[in-house]
Structure formats: C-alpha cells, structure tokens
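Here the sequence shown is numbered in full-length UniProt numbering, starting from 1 and rising by one per residue.
First up is the structure itself, then whatever we jot down about it.
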Amino acid sequence: MSSIGTHASDLLASLEKVNIKAGEVSLIPKSFQPTTELGITFGDKQVNQGDLIRVSEAKITPTVSFAAEEGASADQTYTLLLVDPDAPTPDDPKFAWWRHWVLPGLKAGSPAEQTTEAVTSYLSPGPEDDSKPHRYLFLLYKEPKGLSLSKADVGGEEFVDRRSFKAEAFVEKHGLTLVGVNWMRGAGDGWKEDGEGWEYAAPRKVS
1 MSSIGTHASD LLASLEKVNI KAGEVSLIPK SFQPTTELGI TFGDKQVNQG DLIRVSEAKI
61 TPTVSFAAEE GASADQTYTL LLVDPDAPTP DDPKFAWWRH WVLPGLKAGS PAEQTTEAVT
121 SYLSPGPEDD SKPHRYLFLL YKEPKGLSLS KADVGGEEFV DRRSFKAEAF VEKHGLTLVG
181 VNWMRGAGDG WKEDGEGWEY AAPRKVS
C-alpha cells in the first residue's frame, strides 16, 4: 500500500468506529477515497483521526496543511468545512450539522495558502462539561474552476444562524469534490470519562 492508501484505510476505519460510514453519511460518499492527507493543528497539538481536544485547546484558529494531489494544477483551490453532527449534544443532535468554519480558496501547502477570506469565520467548539464528546469533521473539498463563494452562500455568522447547516446541499450546489478528511472528538475541560460503554448514533441528514 502507498502511504496515502494506508492513510485512507486508517481514516475510514476510524470513522466507522464512531458510526460515520462512507455511503451512509451524506457528506462522505460511498466511493470516497482521500487523495491527500489533511493536517489540522491547534498550536503544537496535532489532530489525528479522533483525538480528544478540549475546549480550551480549540480556542485558537487551527492551522491547516495538505499536500498537492497527484496531477493537480498549481492554481487548484479547495474549500474546508468544519462541522459538528452532534449539536447540541450527541444524545440530542437537533442542530446538526453545526457550521463552525467555511474557508474557501485554499492552496496546497504546509501550512496551506489562504487566498481569500473565510465565508464563515472560525467559531471554536464548545461542548458543555456534562456532554459526551462531540465528533467534529474537517472536510476538504476540491473546488471547480472559477468558483467564488460569499457569505451569502453559507448563511449568517450569528450563533443561531450556524445551526442545522444544510452541508450536503451546499456541497452539491457548488460542485465540490471531497478529497480529504480529518476529525476529532471535542469535550469540555471538565468532562470526565465515566467508564460506561456508549456508542454514537449515525449523523442525521438535514434536508
């Protein structure tokens, strides 16, 4: 297996463990195979396929990095989404998919080159201490040539505007192609594992 092949296998397996299965979750097509490895770092803490990140650690805007896809042109750009399928809690995800960040116009690099402003500014995760950890998905999409996104394309910045984001419809409308995924579990600083076994439900579809 190539390194990207190994990454793909590990990534999809990690997602399946928390009931995010390609083809069953609307944002991850059944045919999805990552073509680049998406790096997310909060300060000196790197996110890797389900790492637990506390609220205080996620206050700063993370650094994004990814390598150029094989055969991609030098001017190829990408859009990053950060969404939460577990808002306000994994037991009652009535506000899925919560829109935390939409950053278009990225170019491959370490860190990635930002060529335009975010159309949804970064809002750090904030699960309460009594909530089970949320799943947070960082989704990297290849943009079609000539795409120009604005804030009007995604919705308002206010707290209530961000909930129940129709992420699948947004992706389809703008012709975005998923090429990379990373994810983390987010928990309050005071959350403690209770030792009892529990499972995440499959994320709900927002129509």
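Glycine included, each C-beta is placed from N, C-alpha and C at the ideal position.
Check the C-beta distance from residue i over to residue j and give it rounded, since I have them as a contact under 8 Å.
{"i": "residue 174", "j": "residue 137", "result": "Actually they do not touch by this definition, with Cβ atoms about 18 Å apart."}
{"i": "residue 29", "j": "residue 178", "result": "7 Å"}
{"i": "residue 201", "j": "residue 19", "result": "6 Å"}
{"i": "residue 154", "j": "residue 119", "result": "5 Å"}
{"i": "residue 79", "j": "residue 149", "result": "7 Å"}
{"i": "residue 203", "j": "residue 47", "result": "19 Å between Cβ atoms; not a contact."}
{"i": "residue 108", "j": "residue 67", "result": "6 Å"}
{"i": "residue 191", "j": "residue 129", "result": "5 Å"}
Which of helix, strand or coil does DSSP assign to residue i?
{"i": "residue 138", "result": "strand"}
{"i": "residue 166", "result": "coil"}
{"i": "residue 5", "result": "helix"}
{"i": "residue 16", "result": "helix"}
{"i": "residue 159", "result": "helix"}
{"i": "residue 82", "result": "strand"}
{"i": "residue 201", "result": "coil"}
{"i": "residue 172", "result": "helix"}
{"i": "residue 192", "result": "coil"}
{"i": "residue 113", "result": "strand"}
{"i": "residue 181", "result": "strand"}
{"i": "residue 11", "result": "helix"}
{"i": "residue 22", "result": "strand"}
{"i": "residue 153", "result": "helix"}
{"i": "residue 187", "result": "strand"}
{"i": "residue 31", "result": "coil"}
{"i": "residue 65", "result": "strand"}
{"i": "residue 102", "result": "strand"}
{"i": "residue 47", "result": "strand"}
Let me confirm a value: residue i is counted as buried when at least 16 other C-beta atoms fall within 10 Å, else exposed. Which label applies?
{"i": "residue 40", "result": "buried"}
{"i": "residue 1", "result": "Low per-residue confidence applies at residue 1: pLDDT is 39, beneath 50, and the placement is therefore not dependable, though the value from the model is reported in the following sentence. The residue in question, residue 1, is exposed, as its Cβ has fewer than 16 Cβ neighbours within 10 Å."}
{"i": "residue 212", "result": "Here the chain covers residues 1 to 207 and nothing more, so residue 212 does not appear."}
{"i": "residue 104", "result": "buried"}
{"i": "residue 160", "result": "exposed"}
{"i": "residue 144", "result": "exposed"}
{"i": "residue 8", "result": "buried"}
{"i": "residue 58", "result": "buried"}
{"i": "residue 167", "result": "buried"}
Anyone know if the C-beta pair for residue i and residue j falls short of 8 Å?
{"i": "residue 98", "j": "residue 165", "result": "yes"}
{"i": "residue 50", "j": "residue 184", "result": "yes"}
{"i": "residue 52", "j": "residue 187", "result": "yes"}
{"i": "residue 38", "j": "residue 182", "result": "yes"}
{"i": "residue 77", "j": "residue 180", "result": "no"}
{"i": "residue 90", "j": "residue 132", "result": "yes"}
{"i": "residue 194", "j": "residue 55", "result": "no"}
{"i": "residue 123", "j": "residue 113", "result": "no"}
{"i": "residue 110", "j": "residue 157", "result": "no"}
{"i": "residue 96", "j": "residue 87", "result": "yes"}
*Take every Cβ of the segment 139-146, pair it with every Cβ of the segment 75-90, and state whether three or more of those distances are shorter than 8 Å.*
yes
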